[in-house]
Amino acid sequence: MPKHNIYDQNGKKIRVRMCVACRQSKPKSLLVRVYKTLDGRVFVDKNTTSQGRGAYICNNKACIEKSQKLALLQRSLKTNVPKEIYEVLLDIE
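In the working numbering, the protein residues as written are 1 to 93.
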């Protein structure tokens, strides 16, 4: 994440997160969150409000495919990510 804070026109702080695939910091609203629950199940969090260990990824095919090929989500979440999660991510795009 950037070392400086980012603010919008009204002076409100913009939350920034880093994509696991391209490693670019972007506003949280532009990324999709994937999270792991305490019992180890993995879900796509469309509202970014669910509790659990999370990882953010850009909403584009290149980042999703890179993440799947290199197991980047699995590394971030410290668990296996089912193939269905990647299919859901591609459908959101």
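For every residue, glycine included, the Cβ atom is placed at its ideal position computed from N, Cα and C.
Cβ pair residue i, residue j closer than 8 Å
i	j	result
Ile64	Leu30	no
Lys28	Leu77	no
Leu70	Val81	no
Residue i in three-state terms, based on DSSP
i	result
Lys36	strand
Asp45	strand
Met1	Annotation note: pLDDT 47 at Met1 (below 50); position unreliable, coordinate value reported separately. In the structure shown, Met1 sits in coil (DSSP, three-state: anything other than H, G, I, E or B).
Cys19	strand
Lys61	helix
Lys26	strand
Rounded distance between the beta-carbons of residue j and residue i, thought under 8 Å
i	j	result
Val42	Ile85	6 Å
Strand pairing of residue i, partner residues [DSSP]
i	result
Ala55	Val34
**Asked** Are the region 52-61 and the region 17-28 touching, with three or more C-beta to C-beta distances below 8 Å?
**Response** yes
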